[in-house]
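Heads up, the sequence shown is in the numbering used here, so the first residue is 33 and it goes up one at a time.
Reviewing the structure listed below.
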Amino acid sequence: MDNREYAQLFLTESREHVAAVNQSLLQLERDSTGPGAASAVGEIFRAVHTIKGMAATMGYSPVADLAHELETVLDCVRRGELSIETTIMDTLFRSADVLEQAVEAAVAGREGETVPPDLIAALRALTAAPGAAPVAPPSASPPPSETSGKIGELVRISLQPETPLRGVRAFLIVQALATLGEIVSTAPAIAALQNEDFDNEFSVRLVTSQPAAEIERVARAVGDVLDVQIGEPRASGAWAAPTPAWGMPALTMTPAHDMAALSAMTLTPAQGIPAAPSGDARSETGRVRSVRIDVRRLDALMNLIGELVIARGRLTQLATELGDLPLEETVMQSSRLITELRDEITASRMVPVSQVFDRFPRVVRDAARAVGKPVEFVIEGKDIELDRSMLDEIADSLVHLLRNAVDHGIEPADARAAAGKPAVGRLVLSAVRDRSAVVIKVSDDGKGIDRERVLERAKRDGLVDAAKTDLTEDELLRLLARPGFSTAEKVTGLSGRGVGVDAVYTKVRALGGAMDIRSVPGQGTTVLIRLPLTLAIMRALLARVGGETYAIPLAHVSETVELVPDVLRTVKGKEVLLARDEVLPLLRLRSLVGLPAYTAATEIDLEHVVVIDLGDRRAGLVIDELTGQEEIVVKQYDAVRDGPPFFGGATLLGDGRPSLIVDVSSLL
33 MDNREYAQLF LTESREHVAA VNQSLLQLER DSTGPGAASA VGEIFRAVHT
83 IKGMAATMGY SPVADLAHEL ETVLDCVRRG ELSIETTIMD TLFRSADVLE
133 QAVEAAVAGR EGETVPPDLI AALRALTAAP GAAPVAPPSA SPPPSETSGK
183 IGELVRISLQ PETPLRGVRA FLIVQALATL GEIVSTAPAI AALQNEDFDN
233 EFSVRLVTSQ PAAEIERVAR AVGDVLDVQI GEPRASGAWA APTPAWGMPA
283 LTMTPAHDMA ALSAMTLTPA QGIPAAPSGD ARSETGRVRS VRIDVRRLDA
333 LMNLIGELVI ARGRLTQLAT ELGDLPLEET VMQSSRLITE LRDEITASRM
383 VPVSQVFDRF PRVVRDAARA VGKPVEFVIE GKDIELDRSM LDEIADSLVH
433 LLRNAVDHGI EPADARAAAG KPAVGRLVLS AVRDRSAVVI KVSDDGKGID
483 RERVLERAKR DGLVDAAKTD LTEDELLRLL ARPGFSTAEK VTGLSGRGVG
533 VDAVYTKVRA LGGAMDIRSV PGQGTTVLIR LPLTLAIMRA LLARVGGETY
583 AIPLAHVSET VELVPDVLRT VKGKEVLLAR DEVLPLLRLR SLVGLPAYTA
633 ATEIDLEHVV VIDLGDRRAG LVIDELTGQE EIVVKQYDAV RDGPPFFGGA
683 TLLGDGRPSL IVDVSSLL
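Next comes the structure, spelled out in structure tokens:
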């Protein structure tokens, strides 16, 4: 069997199941003796069981063997033969990590990588305790037996049209249902399921005490399930029972049954794109409503629509110059369609931040245990959507911030008690929408940043004037973001090398975002990251300075005013702008880019001020003139060495001329 056809599907689904395992392990650790413990163990067992089945089918023996050993331990826990304690939890967490690594290695073709023998030994030692019944390894599985004579609940399942690995999917559903009780029969027989000799519909007889809703949930969780019907078929029901007779040879299974019977099956590559594993993504008529698409195709579509936007700008300008009314109307209609196409492609790339945020409870748990601090971790705004590629890019940066908060920010329990705080530290990761941006916050209620210590280190390194006595929030951020800057007394596994804040700051700037730090001594620290919803396309205000046109992201433009003498003042030797009873610092773009002062051709030729804002910071940017607004495609560019750091990219305007994009975060 050529596994390459299905390796990516296996990898995607296995990652989802490993993430579910980690979430349930955290729940189990928090509530090991509470009412949610049994549910958490059941969720872990089902996820591991599914990975085991898929791995055995794909021929990934190391993955299947590890999953089998882990499944055996979970089965003992579920039956009450093992109680949850620290050693077992540590072993389960380590097993989840190694299982994820084994999946990645198997798909990458690194056949030489094996599961650490000491982990297998640790898992087997747990089940070797008195009363723990060992489960036969996959290679020694007994053959399926005949119908046991029990009747059981009739579960009828219909798969999505064009389901890939249809036989595998059916068998995995049977395996999942087996975790709820005893499978006494299947129709068609298991051999027919293996050979895909059925028309997307099959039935299972299940002896279980679980309610119908739980049976349906478990079946749908495997994925590619169109419909689940529980109970005997009605005489005039809308759901047709499978064609095979109920008396066909059947399969008897227990929760410990393995995939040996499936290992020799022959798979036929399915046509089309795999359907997303969701039971809700369908219409009332049963047609597929969603598909799983490789993110590289979405990247390619975004690049193409970006080029189309550039071509649209050029076409619009040419149509205007020609003055042909029918041509202008056609171009206008095409422009509207391109805009709608762009919006749809952009929306298709947006995913909830929970797809990355859900990894972090495990990160915080491990970090807190490493430094011996009790930490409560809270996630807010998990439904906020962000561009998929940007979310992946920022994930590592958030890991840096979370670990820094645990290591540097939150105090040990005894120090917190001495300061009158709860012994358990609180760490919050949140996401909120703010106009055309998403703001991600990492907040802790720890001791805050020691400004005096930072200032002392900065003076010692010659980074600030020796006479300086205090640091502003902006100065604090710029010092902490310097490569190699750290106040840690020793290097630990979490921090101390001076790369954390620097790496985050660099990544955020590269993504076209901005970063702020707010810290109050004794109360905690908050790091704010502001990211655009998408990097590829934005609306911009075009401003001319000298003979060049610059693009200012419209999301950061509050208003524009003429620079008349009445609104210009000087405070402490610096120019400021009076705007709506507010005093704003004034920046001149000419001066920033090294051009001479503006000289008006006539008395009525006044400079203009673009009021820019970023969060709660505002300033006035002086430019020669405004030339309009335009939808621009952001292109990354390599700035010249020692050049102005005020530009975050480049674009091509409608007339084909290049233009630099002003990085507002570097000005404020």
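Each residue gets a CB set at the ideal place from its N, CA and C atoms; glycine is no exception.
Fair warning: this is a prediction, and the values are worked out from it, not measured in the lab.
- L616: member of the beta strand (DSSP E) spanning 614 to 620, first to last residue.
- Cα atoms of V552 and R622: separation of roughly 37 Å, rounded to the nearest angstrom.
- Every alpha helix (DSSP H) of 4 residues or more that sits fully in the stretch 575 to 663 is shown, in chain order, as 621 to 624.
- Bridge pairing for R188: S235, Q261 [DSSP].
- Look at R344 here: in three-state DSSP terms it is helix.
- Taking the CA atoms as reference points, R156 sits about 35 Å from E185.
- Pairwise C-beta distances place the stretch 637 to 647 in contact with the stretch 572 to 589, as three or more of them are shorter than 8 Å.
- Taking a C-beta distance under 8 Å as the contact criterion, M334 and I377 qualify as a contact pair.
- The alpha carbon of V135 has as its nearest neighbour, out of R249, Q40, S697, the alpha carbon of Q40.
- Ranking R562, D356, E662, V410 by CA distance to the CA of S691 puts E662 first.
- Only residues of its own chain outside the window of five on either side were considered, and among them S64 have a CB closer than 6 Å to the CB of I116, listed in chain order.
- Boundaries of the alpha helix (DSSP H) harbouring K491: 483 to 492, taken from the DSSP string.
- DSSP, read as helix, strand or coil, puts G338 in helix.
- The Cβ atoms of L646 and V589 lie no closer than 8 Å to each other.
- Residue range 469 to 476 is occupied by the beta strand (DSSP E) that includes D476.
- One Cα belongs to G652, the other to E339, and the distance between them is close to 32 Å.
- Around L347, the same chain offers V363 as residues with beta carbons nearer than 7 Å, after the five sequence neighbours per side are excluded.
- For A219, the enclosing beta strand (DSSP E) covers residues 213 to 219.
- Taking every protein chain shown into account, the CB of P628 has fewer than 16 other CB atoms within 10 angstroms, so this residue is exposed.
- Residue nearest to P585 within the set V625, V496, G680 is G680 (criterion: CA-CA distance).
- For G680, the enclosing beta strand (DSSP E) has its first and last residue at 679 to 684.
- Your pair R78 and A208 checks out as a contact, with CB atoms roughly 6 Å apart and the cut at 8 Å.
- Annotated as proximal: A251 and I205, with beta-carbon spacing under 8 Å.
- In the DSSP annotation of this structure, the continuous segment of the beta strand (DSSP E) that includes S462 starts and ends at 457 to 466.
- Around A455, the same chain offers P406, A445, R448, A449 as residues with beta carbons nearer than 7 Å, after the five sequence neighbours per side are excluded.
- Nearest C-alpha to S429 among I569, R562, G480, L197: R562.
- Per DSSP, I120 is not a residue of any beta strand (DSSP E); the alpha helix (DSSP H) it occupies stretches across 118 to 140.
- For L700, the secondary structure class from DSSP, reduced to helix, strand or coil, is coil.
- Residues I189, A202, T218, A219, P220, L225, P274 of the same chain have their beta carbon placed closer than 7 Å to that of F234, with the five preceding and five following residues left out of the count.
- In this chain, the beta strand (DSSP E) harbouring D548 covers 546 to 552.
- The DSSP assignment places 386 to 389, 392 to 403 as complete runs of the alpha helix (DSSP H) inside the stretch 366 to 413, in order along the chain (cut-off: 4 residues).
- Looking from the CA of E132, the closest CA among R62, I215, V53 belongs to V53.
- In the DSSP assignment, S691 is bridged to T683.
- Restricting attention to L191, D477, R650, R514, the CA atom closest to the CA of T592 is found in R650.
- When the five nearest sequence neighbours on each side are left out, the beta carbons in the same chain lying within less than 8 Å of the beta carbon of V431 are those of F392, V395, in order along the chain.
- Secondary structure at V438: helix, using DSSP grouped into helix, strand and coil.
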